[in-house]
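In our numbering, the protein residues as written are 1 to 245.
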């Protein structure tokens with residue numbers, strides 16, 4: 001009942017490859033080539049390699065690797081911009097747009113060869129984006145699942161609405177929720193493995209494990225393994241136990 005998970009990537013291919021290498025090293029030691037590897041979402045924005053990250057993950061799935069890729073809020077904002085650039089995601093504060101420097105969408109479009117996306121009229125940028133972003137990338141991102149349940153671990157990008165059945169959770173909560181989830185200390189039906197809220201290193205809170213180690217802000221992309229209810233962070237020197245307080 002082993003599973004692996006990788007935290008928020010934010011357009012950093014080198015950091016993703018380093019995290020995947022740690023997973024492969026642990027697989028080899030455990031003799032397990034089939035356990036799912038869940039990428040927790042936020043594939044794009046802020047880093048310079050968003051296109052390459054998407055191409056790498058798509059290629060791995062085509063090759064039959066046991067890779068699960070979840071949708072993050074940044075991934076949905078990318079698709080929504082391609083669909084209708086004047087529409088803001090309901091989870092994004094009205095003072096921002098996806099192209100705002102703090103959000104990072106312009107950097108994603110630059111990775112696709114769109115020139116000066118933060119400096120030109122939005123409609124012109126949108127036309128260029130439609131011409132340069134492959135339809136296969138757009139479709140793949142749009143179809144990403146928002147959660148993955150494996151044994152007693154539930155993988156989501158941001159978290160869950162406490163007390164709501166899984167089938168009744170909204171995608172917006174799964175990819176955007178913060179305080180109602182983060183401040184909830186009681187047990188959930190599953191151990192929730194998530195990202196979205198950047199911290200320095202993966203941490204086990206008892207009812208949840210946050211694996212967003214701030215790749216968007218200069219940190220690494222982290223990898224963990226969940227096995228028989230226990231969680232370890234994967235490091236170059238092996239497993240490091242993550243234990244609840």
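No residue lacks a Cβ here, since even glycine has one placed at the ideal position from N, Cα and C.
Taking contact to mean 3 or more Cβ pairs, one atom from each stretch, closer than 8 Å, check whether the region 167-174 and the region 206-224 are in contact. No: the two stretches stay apart, fewer than three of their Cβ pairs being nearer than 8 Å.
For residue 114 and residue 94, what's the separation of their Cα atoms in angstroms? Those two C-alpha atoms are separated by around 25 Å.
Which runs of the beta strand (DSSP E), 3 residues or longer, sit entirely within the region 53-129? Those beta strand (DSSP E) runs which fall completely within the region 53-129 and span 3+ residues are 67-69.
List, from N- to C-terminal side, the beta strand (DSSP E) runs of 3 residues or more that fit wholly inside the region 184-239. Scanning the region 184-239 for uninterrupted beta strand (DSSP E) segments of 3 residues or longer gives 191-194, 208-210, 223-227, 230-235, listed from N- to C-terminal end.
Using three-state DSSP, classify residue 144 as helix, strand or coil. DSSP places residue 144 in coil when its eight states are reduced to three.
DSSP beta-bridge partners for residue 6? Answer is 39, 223, bridged to residue 6.
One question on the structure: do residue 190 and residue 152 come within less than 9 Å of each other, judged by their Cβ atoms? In this structure, the beta-carbon distance from residue 190 to residue 152 falls below 9 Å.
Residue 157 - DSSP class collapsed to helix/strand/coil: The DSSP-derived three-state label of residue 157 is coil.
CA-to-CA distance, residue 31 to residue 227, given in whole angstroms: Whole-angstrom Cα-Cα distance: 14 Å.
Bridge partners of residue 150, per DSSP? Per DSSP, 153.
With the cut-off set at 9 Å, would you say residue 157 and residue 41 are in Cβ contact? In contact: residue 157 and residue 41 (Cβ atoms closer than 9 Å).
Taking only the alpha-carbon atoms, compute the straight-line gap between residue 11 and residue 53 and give it to the nearest angstrom. Rounded to the nearest angstrom, the gap between the Cα atoms of residue 11 and residue 53 is 6 Å.
Alpha-carbon to alpha-carbon, residue 237 and residue 75: Computed Cα separation, rounded: 32 Å.
Nearest to residue 6 (by Cα), restricted to the options 59, 62, 72: Cα-wise, what sits closest to residue 6 is 72.
Whose C-alpha, out of 22, 188, 136, 122, is nearest the C-alpha of residue 160? When C-alpha distances from residue 160 are compared across 22, 188, 136, 122, the shortest belongs to 188.
Using a Cβ-Cβ cut-off of 8 Å (strictly less than) and excluding sequence neighbours within five positions of residue 14, which residues of its own chain qualify? Within the same chain, 49 come within 8 Å of residue 14 by CB-CB distance, once the 5 residues on both sides are set aside.
Does the separation of the CB atoms of residue 21 and residue 81 fall below 9 Å? Residue 21 is not a Cβ neighbour of residue 81, given a cutoff of 9 Å.
Looking at the strands, I want to know which residues DSSP matches up with residue 241. Bridge partners of residue 241 according to DSSP: 232.
CA nearest to the CA of residue 85, picked from 148, 3, 105: Measuring from the Cα of residue 85, the nearest candidate turns out to be 105.
What would DSSP say about residue 23, mapped onto helix, strand or coil? It is helical.
Applying the criterion that 16 or more other CB atoms from any shown protein chain within 10 Å of the CB defines a buried residue, is residue 65 buried or exposed? Exposed is the call here.
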